[in-house]
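Just add 222 to wherever you are in the sequence shown, counting from 1, and you've got the working numbering. Here is the structure we will look at, set down as structure tokens.
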Amino acid sequence: MVRIKERYLLVNIVYLPDPAKTSKDRVPDFVIQHQPTVERLTPQALLKAIRSEVALLFGDYGSGALEGHLSVKYLSLATSTFILRCARGHHQILWAALALMDHVPVKDGRPCTFRVVRVSGTMRKAEEEALRQARSLILAAKHETSSSTTTFTTHPPAVPQDLRDHAMLDVSSDPSDGPESQDDQG
223 MVRIKERYLL
233 VNIVYLPDPA
243 KTSKDRVPDF
253 VIQHQPTVER
263 LTPQALLKAI
273 RSEVALLFGD
283 YGSGALEGHL
293 SVKYLSLATS
303 TFILRCARGH
313 HQILWAALAL
323 MDHVPVKDGR
333 PCTFRVVRVS
343 GTMRKAEEEA
353 LRQARSLILA
363 AKHETSSSTT
373 TFTTHPPAVP
383 QDLRDHAMLD
393 VSSDPSDGPE
403 SQDDQG
């Protein structure tokens, strides 16, 4: 029996900081960028917006390539994070469409950027990365609030070392995520 190969994209909704509010609130930029999505965003609205963006960019070919395999597996409005599933051969089309979307796909949606954090061969690895990222953001926010000597208007907030060292890896270079991995063949 042949298994269908899929890719899971972990995506963050990153909001652009408003300079007027940032200087008054004295909140670090990375906290503002990763704020919760308060709009009425649903998986169906997200899929509809992604499909229309793919159709706009890639026409019938892109729409047909993603039609049967595209789905939202996880959506968290609290962390502004979602996981998409698509066919392995066409995840670059999905990534390009997400890169060019510029607002939350609801009526009068806020301007934002959709940032693909990880492309994975398994849902488990995408979930683990989402948890790791949420933990590191919480630790960074706690670190910023505990250090009262830094002024946010004159110095940018210091990002912890574990966030600076994080590099996005290609799935093909990570043997634990590949289709030939032992935990995937069970």
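Just so you know, even glycine gets a beta-carbon here, dropped at the ideal spot from N, CA and C.
Beta bridge counterpart(s) of PHE304 as assigned by DSSP: Indexing the sequence shown from 1 puts residue 304 at position 82. In DSSP, PHE304 forms a bridge with VAL233, LEU297.
Nearest candidate by alpha-carbon position, reference LEU292, set SER298, TYR230, GLU366, ALA362: Position 70 of the sequence shown, counted from the start, is the residue given in the question as residue 292. Comparing Cα positions, the closest option is TYR230.
Same chain only: Cβ atoms within 8 angstroms of VAL328, ignoring 5 sequence neighbours per side: Numbered from its first residue, the sequence shown carries residue 328 at position 106. Same-chain partners within the cutoff: GLU261, ARG262, LEU263, ALA267.
Chain-order list of residues whose beta-carbon lies under 8 angstroms from that of ARG332 (same chain, five-residue window excluded): For the purposes of this step, residue 332 is taken as the residue at position 110 of the sequence shown. Closer than 8 angstroms at Cβ, skipping near neighbours: TYR237, GLU261, HIS325, VAL326.
From ALA321, LEU322, ALA309, ALA319, residue whose alpha carbon lies closest to that of THR344: Walking along the sequence shown from the start, residue 344 turns up at place 122. For THR344, the closest C-alpha among the options ALA321, LEU322, ALA309, ALA319 is that of ALA309.
C-beta atoms of PHE304 and MET323 nearer than 8 angstroms: Taking the sequence shown and counting its residues from 1, one reaches residue 304 at position 82. Taking the sequence shown and counting its residues from 1, one reaches residue 323 at position 101. Contact: no.
Given GLU289 as reference, the closest of ILE360, ALA300, ILE315, SER298 once Cα atoms are compared: Walking along the sequence shown from the start, residue 289 turns up at place 67. If we check each option's Cα against that of GLU289, ILE315 comes out closest.
Start and end residues, alpha helix (DSSP H) containing ARG346: Position 124 of the sequence shown, counting from 1, holds the residue named residue 346. Start and end: 345-368.
Residues near TRP317 in its chain [Cβ-Cβ closer than 6 angstroms; skip 5 each side]: Taking the sequence shown and counting its residues from 1, the one referred to as residue 317 is at position 95. Contacts found: VAL338.
Beta bridge counterpart(s) of HIS256 as assigned by DSSP: The sequence position of residue 256 within the sequence shown is 34, counting from 1. According to DSSP, HIS256 bridges with nothing at all.
Per-residue DSSP class, three states only, for VAL339: What you label residue 339 is simply residue 117 of the sequence shown in a count that begins at 1. Of the three classes helix, strand and coil, the one that applies to VAL339 here is strand, per DSSP.
Alpha-carbon to alpha-carbon, LYS364 and SER302: Within the sequence shown, the letter at position 80 stands for residue 302. Within the sequence shown, the letter at position 142 stands for residue 364. A straight line joining the alpha-carbon of SER302 with that of LYS364 spans about 19 angstroms.
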